[in-house]
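In my numbering, the protein residues as written are -15 to 212.
Each residue gets a CB set at the ideal place from its N, CA and C atoms; glycine is no exception.
Everything numeric in this text was worked out from a predicted model, so none of it was measured.
Here is the structure we will look at, set down as structure tokens.
Written as structure tokens, this is what we have:
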């Protein structure tokens, strides 16, 4: 089931096939943090592939609606969205991290699908936040240059993963997509990554307009296999 947030009640919720109503996540004796955040709104949500079919781990960046614009990251055990699990539809927020430093002023976000790393940007600078040790790091190219040229504003970050190991043709794609733009034109950089850095010489696409999404489709298959 999907993880949703109801702006009217300030509560996390979901929907289930065959039920026309919102199902709110409720707290019990295993809940470590409150289930309601009426003074906040979500900015971004991402998840890890590992354990995804059993629920996996999710992360939601929340920001106060008014005042200081304080931000926190809520860590979820997403078994709470698997309807046959014992924890189904229970509040399973496992940690809450206050955003500090550059993360508190980040302009866009993108979750690493393989490791607990939350990419974020501020102007033309790219960073990642290690969700385990709760520290932020700058992200540059392996040759020492910044991820994108100075003056280009990062508008979109997405870790694109396609893993088809179950049938021919076997294919694995893993790229960090970083798009920049000025509102009229955009550049899309597709990076290979190694040890927390971006390899030099990314594939670059350019076009008109503002970037809003990037998606990979396997060109060898007749069915619409795409990365999610």
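Alpha-carbon spacing of residue i relative to residue j, whole angstroms
i	j	result
residue 49	residue -6	11 Å
residue 160	residue 169	20 Å
residue 154	residue 146	10 Å
residue 210	residue 79	Because residue 210 sits at a pLDDT of 49, beneath the cut-off of 50, its placement in the model cannot be relied upon, and the point is left open.
residue 182	residue 64	34 Å
residue 177	residue 114	16 Å
residue -2	residue -12	5 Å
residue -10	residue -4	6 Å
residue 5	residue 198	32 Å
residue 127	residue 202	30 Å
residue 190	residue 143	19 Å
residue -15	residue 100	21 Å
Extent of the continuous beta strand (DSSP E) to which residue i belongs
i	result
residue 142	138 to 148
residue 26	24 to 31
residue 161	155 to 165
residue -3	-5 to 0
Rounded Cβ spacing between residue i and residue j (contact assumed at less than 8 Å)
i	j	result
residue 195	residue 165	6 Å
residue 105	residue 57	At roughly 16 Å, the Cβ-Cβ gap does not stay under 8 Å, so residue 105 and residue 57 are not in contact.
residue 97	residue 33	5 Å
Contact set for residue i: own chain, Cβ-Cβ below 6 Å, skip 5 residues either direction
i	result
residue 125	182, 184
residue 28	45, 93
residue 54	48
Cβ-based neighbour list, residue i, same chain, cut-off 8 Å, excluding 5 preceding and 5 following
i	result
residue 212	In this prediction, residue 212 has a pLDDT of 43, which is less than 50 and means its spatial position is unreliable; nothing more can be read from the coordinates.
residue 111	86, 87, 90, 103, 104, 105, 120, 121, 122, 123
Sheet register partners of residue i (DSSP bridge)
i	result
residue 130	124
residue 175	160
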